[in-house]
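First comes the structure, then the notes that go with it.
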Ligand code: NAP
Ligand code: MG
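In this note's numbering, the protein residues as written are 1322 to 1793.
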């Protein structure tokens, strides 16, 4: 059994001050596999002190130097690319297909940010002033378990690119993945204290990061509920915040789309990362008069193409839920959908046959769902799709926007101009047209309760900069 009992503070792997530990279980077998040490306020303060000290010199570096650091981190992570993929599949249960796609793309965040820096003017002329864009200071990174090292890459690339120093608090459920990340960052040879990592609970380590006056900014990914706690706590010391929160993304299939292609694609957009993705397209909006046709294609896709099982099997496209708790949450929502009177098209309660040990749920599709139902309004974070019929294009847009969230959305149409017109009317930080999902330079973030601020590219970099106008 592994013991994960070191933090990374001031350039060294150090023993924690905190004495609590937490057991980690494999999501496929539910066997205990590791024990992680949990930090306390003292560990967190040590990491913040190291970051504050390192800021004195790192904040003064020029962009050429920082581009070099980003490239060194990119190289260090690239050397361990397969380890990073393997540990994500093994610890978290992400499918081999998903992890093999997302980890290399995340590593490339450092290369992309180096490119952004090359073209970025840190001292633009604004009127008669010169406006110096200086690093915001010490940054706290607080993230969840569903793509832990990917989030670290995105946030770290921007923060370091801006000249900030960082304290990271990952989810304790990701401790084995964090261990590999710590080794890579150490290997990159950054000046000590520029990046620090402390494992621990949100209400201990996360709360200290939120309250500590020496932290200047928090960049958070996680649930809307915790995002609000952090935003309120950050106000006392006027910390800057970036909040990447939940979603309930609509996927509008317009009546001119090729359904034979669009419906299966829409299933995979819903089951992205086994459904444990903030951007998952969990509300599929289809023309009411073609609901039977949609249902038939969806049922056939579930029977013939969707495969749930061991994430190490490369043909599997839905893995286990990260934890027993997450498994139970998804089961609860499947029950709620039945109680609310949605029509169960595929899946349902209970574990799939032959997968009784792990945290596996049956990939589930509800159809004839009303947008007011809880399964259409609340984030489930599992492979549960709601098919919602609409009357016409205007109705589709109204349903798409009838949500507290506004992170992602999707539009499929044979007519690109029409898709763009619809895209323009959706209140979300990202609209993916015809299954184009990501651009590493395009901003990502939420409208409404999906958060505050943007990541990636120039928008992501500017979130770590404080403009100072020097006039005269
Ligand atoms: P969570 O409970 O919000 O936790 C996220 C992080 O916040 C964890 O590290 C957690 O620590 C920490 N935390 C908890 N309470 C805290 C507090 N009082 N103060 C400071 N930090 C605290 O989220 P989760 O359940 O792990 O992850 C799933 C959620 O993340 C979903 O709602 C999903 O939509 C969202 N998400 C959003 C995005 C996006 O980019 N918009 C991406 C992925 C996921 P512990 O680990 O100790 O709880
Ligand atoms: Mg949590």
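Note that beta-carbon positions come from the ideal geometry of N, C-alpha and C, so glycine has one too.
Quick caveat: nothing in here was measured; it's all calculated off a predicted structure.
Rank 1356, 1351, 1342 and 1341 by C-alpha distance to the C-alpha of residue 1322 and give the top, closest one. Within the chain shown, the letter at position 1 stands for residue 1322. Residue 1356 is the option with its Cα nearest to residue 1322.
Own chain partners of residue 1689 with C-beta closer than 6 Å, once the 5 adjacent residues on each side are dropped: For the purposes of this step, residue 1689 is taken as the residue at position 368 of the chain shown. Within the same chain, residue 1689 has close Cβ partners 1664.
If you check the beta carbons only, do residue 1459 and residue 1369 fall under 8 Å apart? Within the chain shown, the letter at position 138 stands for residue 1459. Within the chain shown, the letter at position 48 stands for residue 1369. In contact: residue 1459 and residue 1369 (Cβ atoms closer than 8 Å).
By how many angstroms is the C-alpha of residue 1334 removed from the C-alpha of residue 1802? Outside the modelled stretch of the chain, which goes from 1322 to 1793, sits residue 1802, for which no answer is possible.
For residue 1494, which of 1353, 1590 and 1570 has the nearest alpha-carbon? Taking the first residue of the chain shown as position 1, residue 1494 is located at position 173. Considering only alpha carbons, the answer is 1353.
Identify whether residue 1797 lies in helix, strand or coil by the three-state DSSP scheme. The shown model of the chain, from 1322 to 1793, leaves out residue 1797, and the question about it has no answer.
Beta strand (DSSP E) segments (min. 3 residues) lying fully within the region 1646-1673: 1664-1669
Local conformation of residue 1696 per DSSP, three classes: Residue numbering aside, residue 1696 sits at position 375 when the chain shown is read from its first letter. Residue 1696 falls in the helix class under three-state DSSP.
Can you tell me the Cα-Cα spacing of residue 1515 and residue 1570, whole angstroms? The residue you call residue 1515 lines up with position 194 of the chain shown. The residue you call residue 1570 lines up with position 249 of the chain shown. Spanning the two alpha carbons is a distance of roughly 36 Å.
Give a yes or no on contact between the region 1698-1716 and the region 1604-1620, applying the rule of three or more CB pairs nearer than 8 Å. yes
Is it the case that the Cβ atoms of residue 1767 and residue 1726 are separated by a distance below 8 Å? For the purposes of this step, residue 1767 is taken as the residue at position 446 of the chain shown. For the purposes of this step, residue 1726 is taken as the residue at position 405 of the chain shown. Yes.
Would you kindly report the start and end of the unbroken beta strand (DSSP E) that includes residue 1777? Residue mapping note: residue 1777 aligns to position 456 of the chain shown, counting from 1. It is not in any beta strand (DSSP E) - residue 1777 carries neither H nor E in the DSSP assignment.
Check: residue 1793 C-beta below 7 Å from any heavy atom of the ligand NAP: On the chain shown, residue 1793 is found 472 positions in, with the first residue counted as 1. Outside the cutoff, so no.
Residue 1586: which of 1622, 1415 and 1737 sits nearest, CA to CA? Indexing the chain shown from 1 puts residue 1586 at position 265. Cα-wise, what sits closest to residue 1586 is 1622.
With a threshold of 8 Å on Cβ separation, who are the neighbours of residue 1405 within its own chain once the five nearest residues in sequence on each side are excluded? Indexing the chain shown from 1 puts residue 1405 at position 84. Within the same chain, residue 1405 has close Cβ partners 1398, 1424, 1428, 1470, 1498, 1501, 1502 and 1505.
So, are the CB atoms of residue 1640 and residue 1595 less than 8 Å apart? Within the chain shown, numbered from 1, the residue matching residue 1640 stands at position 319. Within the chain shown, numbered from 1, the residue matching residue 1595 stands at position 274. In this structure, residue 1595 lies closer than 8 Å to residue 1640 by Cβ.
Pair within 8 Å by beta-carbon distance, residue 1331 and residue 1490: If you number the chain shown from 1, residue 1331 lands on position 10. If you number the chain shown from 1, residue 1490 lands on position 169. Cβ distance not < 8 Å, so residue 1331 and residue 1490 don't count as in contact.
Looking at residue 1578 and residue 1735, is the spacing between their C-beta atoms short of 8 Å? Stepping through the chain shown from its first residue, residue 1735 is reached at position 414. Stepping through the chain shown from its first residue, residue 1578 is reached at position 257. Cβ distance < 8 Å, so residue 1735 and residue 1578 count as in contact.
So the candidates are 1615, 1590 and 1597; which of them puts its Cα closest to the Cα of residue 1651? As a working mapping, residue 1651 is identified with position 330 in the chain shown. For residue 1651, the nearest C-alpha among the options comes from 1597.
What does the Cβ neighbour count give for residue 1731, buried or exposed, with the cut at 16 atoms within 10 Å? Locating residue 1731 in the chain shown gives position 410, where the first residue counts as 1. It counts as buried.
Mapping the DSSP letters down to three states, classify residue 1420 as helix, strand or coil. Here the question's residue 1420 lines up with position 99 in the chain shown. Helix, per DSSP.
Integer Cβ distance of residue 1638 from residue 1418, believed to fall under 8 Å: Here residue 1638 is taken as the residue at index 317 of the chain shown, counted from 1. Here residue 1418 is taken as the residue at index 97 of the chain shown, counted from 1. Between residue 1418 and residue 1638 the Cβ distance is about 6 Å, and since that is below 8 Å, they are a contact.
Proximity below 8 Å, CB of residue 1533 to CB of residue 1561: Here residue 1533 refers to the residue found at position 212 when the chain shown is read from its first residue. Here residue 1561 refers to the residue found at position 240 when the chain shown is read from its first residue. Cβ distance not < 8 Å, so residue 1533 and residue 1561 don't count as in contact.
Tell me whether residue 1426 counts as near the ligand NAP, meaning its Cβ is closer than 7 Å to at least one heavy atom of that ligand. Residue 1426 sits at position 105 when you count from the first residue of the chain shown. No - the ligand NAP has no heavy atom lying nearer than 7 Å to the Cβ of residue 1426.
When you compare each of 1457, 1696, 1755 and 1614 to residue 1658 by their alpha carbons, which one comes out closest? Counting from one through the chain shown, the residue named residue 1658 turns up at place 337. Of the listed residues, the one whose Cα sits closest to residue 1658 is 1696.
Residues in its own chain within less than 6 Å of residue 1692 by CB, not counting five upstream and five downstream? The residue given as residue 1692 occupies position 371 in the chain shown. So the list reads 1709, 1720 and 1723, once near-sequence residues are dropped.
Where do the ends of the alpha helix (DSSP H) carrying residue 1585 lie? Taking the chain shown and counting its residues from 1, one reaches residue 1585 at position 264. 1580-1591 is the extent of the alpha helix (DSSP H) around residue 1585.
Any idea if residue 1480 is buried or exposed, counting beta-carbon neighbours within 10 angstroms, 16 or more meaning buried? Here residue 1480 is taken as the residue at index 159 of the chain shown, counted from 1. Its Cβ being crowded by 16 or more others within 10 Å, residue 1480 is buried.
With contact counted as at least three CB pairs below 8 Å, one residue from each stretch, are the region 1450-1467 and the region 1746-1755 in contact? no
I need the boundaries of the beta strand (DSSP E) containing residue 1329, first residue and last residue. Locating residue 1329 in the chain shown gives position 8, where the first residue counts as 1. Per DSSP, residue 1329 belongs to the beta strand (DSSP E) from 1328-1330.
Can you tell me whether residue 1519 sits near the ligand NAP, meaning its C-beta is under 7 Å from at least one heavy atom of the ligand? Locating residue 1519 in the chain shown gives position 198, where the first residue counts as 1. No; taking the cut-off as 7 Å, the Cβ of residue 1519 has no heavy atom of the ligand NAP nearer than that.
Provide the residue span of the beta strand (DSSP E) that contains residue 1450, from first to last. Along the chain shown, read from residue 1 onward, the residue named residue 1450 stands at position 129. First-last of the beta strand (DSSP E) with residue 1450: 1450-1456.
Go ahead and pull the three-state DSSP assignment for residue 1571. Taking the chain shown and counting its residues from 1, one reaches residue 1571 at position 250. Residue state, collapsed to three classes: strand.
Do you know whose CA, among 1403, 1682, 1386 and 1391, lies nearest residue 1432's CA? Here residue 1432 refers to the residue found at position 111 of the chain shown. Out of 1403, 1682, 1386 and 1391, 1391 has the C-alpha closest to the C-alpha of residue 1432.
Is DSSP giving residue 1788 helix, strand or coil here? If you number the chain shown from 1, residue 1788 lands on position 467. Correct three-state label for residue 1788: strand.
Could you tell me whether any non-hydrogen atom of the ligand NAP is closer than 7 Å to the CB of residue 1721? On the chain shown, position 400 is the one that residue 1721 refers to. No, Cβ of residue 1721 sits at least 7 Å from all heavy atoms of the ligand NAP.
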